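Data first, discussion second: the structure below is written as structure tokens.
Residue numbers (the working numbering), protein chains in the order written: chain D, 1 to 69; chain P, 70 to 260.
What follows is the structure, given as structure tokens:
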């Protein structure tokens with residue numbers, strides 16, 4: 001990494017907008033990743049209870065969120 | 070609030086509803102508002118966009134939106150911010166698609182139900198929270214400039230005020246809240 005890009009990237013770290021944007025985008029991406037994995041588990045015959053246990057949430061929560069898919 | 074809209078701003082709202090219908094979407098989204106804004110000719114929006122050298126066609130905008138959707142709704146600016154954290158969105162998408170198929174991360178959209186007897190076509194089309202926010206922001210843009218009427222240019226300003234995919238996409242073409250305001254400046258002072 002050249003000095004210039006290194007500096008630019010470190011400056012970026014300090015700009016709250018970049019960090020906050022990354023968090024918001026990651027959250028959005030995470031939602032889609034969860035949807036993909038839950039769908040895949042359902043296709044493979046997993047119960048809502050089993051999926052909920054792996055995700056560390058209640059069966060009701062996961063069913064309410066993904067039940068329509 | 071709608072009584073404060075100029076004819077051209079009303080045209081954008083009706084155009085957005087029509088775009089949503091044509092796409093078979095359940096709701097009016099920000100991208101439908103952008104599509105309606107780009108349709109109009111001889112408006113303050115089209116003059117401002119021309120002044121900014123914005124020449125992207127609908128197809129190009131559609132491609133940009135499709136690209137972001139395939140990444141789970143992550144824009145290029147989002148990707149850059151995530152790359153700062155060492156997260157390679159392209160790599161994540163490639164691996165997920167390898168296992169789960171192309172377009173696996175595309176956010177699910179509610180589509181319009183096609184009721185028999187055409188009820189779905191004549192029914193009320195709701196606006197998404199994001200699209201509602203744009204309408205509210207367009208009023209705020211108007212008030213901030215001490216103007217009475219909400220014009221199509223205020224809808225453009227509201228869209229660029231973000232956050233969201235449409236604002237990010239426009240920014241890739243140099244169309245931001247700041248540049249639009251600058252492009253509108255001579256007219257804004259005249260009215």
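Each residue gets a CB set at the ideal place from its N, CA and C atoms; glycine is no exception.
These numbers come from a predicted model, not from an experiment.
Listed in chain order, the non-local C-beta contacts of residue 148 (chain P) below 6 angstroms within the same chain comprise 158, local neighbours out to five positions each way being set aside. Among the residues facing chain D, residue 176 (chain P) is included, as its CB has a counterpart in that chain under 7 angstroms away. Neighbours of residue 49 (chain D) in chain P, taken as residues at a C-beta separation under 8 angstroms, are lacking, since the least C-beta distance is about 23 angstroms.
When C-beta atoms of the region 135-150 of chain P are compared with those of the region 107-116 of chain P, fewer than three pairs fall below 8 angstroms, so the two segments do not count as touching. Between the C-alpha atoms of residue 24 (chain D) and residue 227 (chain P) there is a straight-line separation of about 20 angstroms. When Cβ-Cβ separations below 7 angstroms define contact, residue 169 (chain P) makes contact with chain D. The three-state secondary structure of residue 51 (chain D), taken from DSSP, is helix.
DSSP, read as helix, strand or coil, puts residue 97 (chain P) in strand.
In the same chain as residue 222 (chain P), and ignoring 5 residues on each side of it, the C-beta atoms closer than 7 angstroms to its own belong to 113, 114, 117 and 253, in chain order. Per the DSSP secondary-structure output, residue 74 (chain P) pairs in a beta bridge with P:219. Pairwise C-beta distances place the region 47-65 of chain D out of contact with the region 159-166 of chain P, as fewer than three of them are shorter than 8 angstroms. When Cβ-Cβ separations below 7 angstroms define contact, residue 204 (chain P) makes no contact with chain D. Residues of chain D whose Cβ lies closer than 7 angstroms to the Cβ of residue 239 (chain P) do not exist, since the nearest Cβ in that chain is about 16 angstroms away.
Put simply, of P:250, P:95 and P:72 the residue whose alpha carbon is nearest the alpha carbon of residue 177 (chain P) is P:95. The Cβ atoms of residue 224 (chain P) and residue 85 (chain P) lie no closer than 7 angstroms to each other. The contact set of residue 141 (chain P) on chain D, defined by CB atoms closer than 8 angstroms, consists of 28, 29, 31, 32 and 33 in chain order.
Residue contact with chain D for residue 151 (chain P): present (Cβ-Cβ distance below 7 angstroms to some residue of chain D). One finds 21 in chain D with Cβ atoms closer than 8 angstroms to the Cβ of residue 146 (chain P), taken in chain order. Here residue 209 (chain P) has 227 as same chain residues with Cβ atoms under 8 angstroms from its own Cβ, once five neighbours each way along the sequence are excluded. With a contact defined as Cβ atoms closer than 8 angstroms, residue 124 (chain P) and residue 197 (chain P) miss out at about 28 angstroms.
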